[in-house]
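Have a look at the structure below before the remarks.
Numbering (the UniProt record's numbering), first residue to last: 1 to 427.
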């Protein structure tokens, strides 16, 4: 299933290239536009040359008839800061420059580059970090907005997002949005090789969207450079998937009536993945007075209240919700109806399965929600959804309509009492 992402050619051949073809450029335009940070405003070479030739724009010395050796030496000193950062402390005691003969340069608006923190070291630290204080003891290190070198945290040498130069940080921030979109619309639990392809494509798409050609070329051609950046994207995947698990943890007790009989109940629900179907109370045995197993409506896969509540809470709630953030990526079927992506539904189903399984012993035991622990469950959901689609089922379109309708109802339908009442409906 095409996800709507534009693909930028990489230096190495990438697997599954049909999933990142050029025909999807238009679909992702809205996401790129919404997630894009403040456009980059770079100084032209002409402006840089004029700035270099002009006098110090912060302060200048008043004219004197006779000048001493100290004044001459001060005039010959090289500037200790560049036009990319301005000192926050006045230098010397001179008055502000007001000389009509001084070249006046119209500055393009640029984003702030001064950060009141120690920024660590870079591979090429001298042009990237600038000291702008008069006192060496009170030096403030400033990030050069034109640099794209990686900055390492000084205490442990790790690469963190907030310590990067502005253009690199913006590339990674938007790249994270692209990257998580692949998990939601393609594969929620990709293999390592596929994750690396997602990360490379996300960084290239981000740099292309932000018109940072030098960053895009560096990512494309420098394996060491991109290998330092890709962990910043990989680290967001687990917390993103946990949104579904947290949603199912909050809803399974009410939706599947586990109270007082969790051990037997969860075993029944997990077998054959009965939890994806609507359930109705089973008949009561007249001899024992006990109610039998629930009746499973196998004609309505993924119409269980537990599945709906999990998908709704994880992806259609919040301001903005994840679904609204990626609204342009939802595809339509042959009838023109929008569908939920199979990867999203399978992620929700996997979360419900995992939450139920934690109650299987009769006591809640937290488990890991990671690929190696739940991969088979996720793959089974994908198989079921692919089989339904092949048989002409409209379940993905029906789910989309249900999610949109319920998200507009507000939060009442997600309260425990409402969940229990809705679960018993047999329409």
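Idealized CB from N, CA, C, for every residue including glycine. Predicted, not measured: the structure shown is a model, and the values here were computed from it.
What does residue i pair with, by DSSP beta-bridge criteria?
i	result
residue 213	DSSP output for residue 213 lists no bridge partner at all.
residue 291	284
residue 279	296
residue 162	Beta-bridge pairing links residue 162 to no other residue.
residue 332	338
Return the CA-CA distance between residue i and residue j, expressed in angstroms with no decimal places.
i	j	result
residue 121	residue 159	The predicted model places residue 121 with a pLDDT of 43, which falls under 50 and marks its position as unreliable, so this point remains unresolved.
residue 398	residue 301	11 Å
residue 277	residue 353	13 Å
residue 262	residue 166	52 Å
residue 174	residue 331	22 Å
residue 232	residue 198	13 Å
residue 360	residue 168	47 Å
residue 306	residue 257	10 Å
residue 355	residue 172	33 Å
residue 151	residue 387	48 Å
residue 347	residue 287	42 Å
Taking residue i as the reference, give the member of the options with the closest Cα.
i	options	result
residue 251	337, 408, 308, 193	308
residue 316	365, 175, 406	406
residue 335	395, 355, 352, 326	395
residue 369	349, 303, 325	349
residue 400	333, 273, 240	333
residue 326	185, 154, 311	185
residue 402	312, 255, 179, 195	312
residue 229	351, 292, 162	162
residue 328	178, 314, 388	178
residue 431	275, 236, 241, 238	Nothing about residue 431 can be reported from this structure: the residues present for the chain run from 1 to 427 only.
residue 203	287, 182, 338	182
residue 271	380, 224, 324, 157	380
residue 322	211, 393, 404, 280	404
With burial defined as no fewer than 16 other Cβ atoms inside 10 Å of the residue's Cβ, what is the status of residue i: buried or exposed?
i	result
residue 390	exposed
residue 383	exposed
residue 149	buried
residue 409	exposed
residue 164	buried
residue 290	exposed
residue 265	buried
residue 431	Because the chain in this structure spans residues 1 to 427, residue 431 falls outside the shown range and cannot be described.
residue 155	exposed
residue 222	exposed
residue 255	buried
residue 220	buried
residue 191	exposed
List in chain order: all unbroken alpha helix (DSSP H) runs of 4+ residues lying wholly within the stretch 204–248. You should have 213–221, 223–234.
Please list the segments of the alpha helix (DSSP H) lying wholly inside the stretch 175–209, counting only runs of 4 or more residues, in order along the chain.
-> 192–209
Give the list of continuous alpha helix (DSSP H) stretches no shorter than 4 residues that lie fully inside the stretch 362–410. As far as the stretch 362–410 is concerned, its whole alpha helix (DSSP H) runs of at least 4 residues are 371–390, 395–409.
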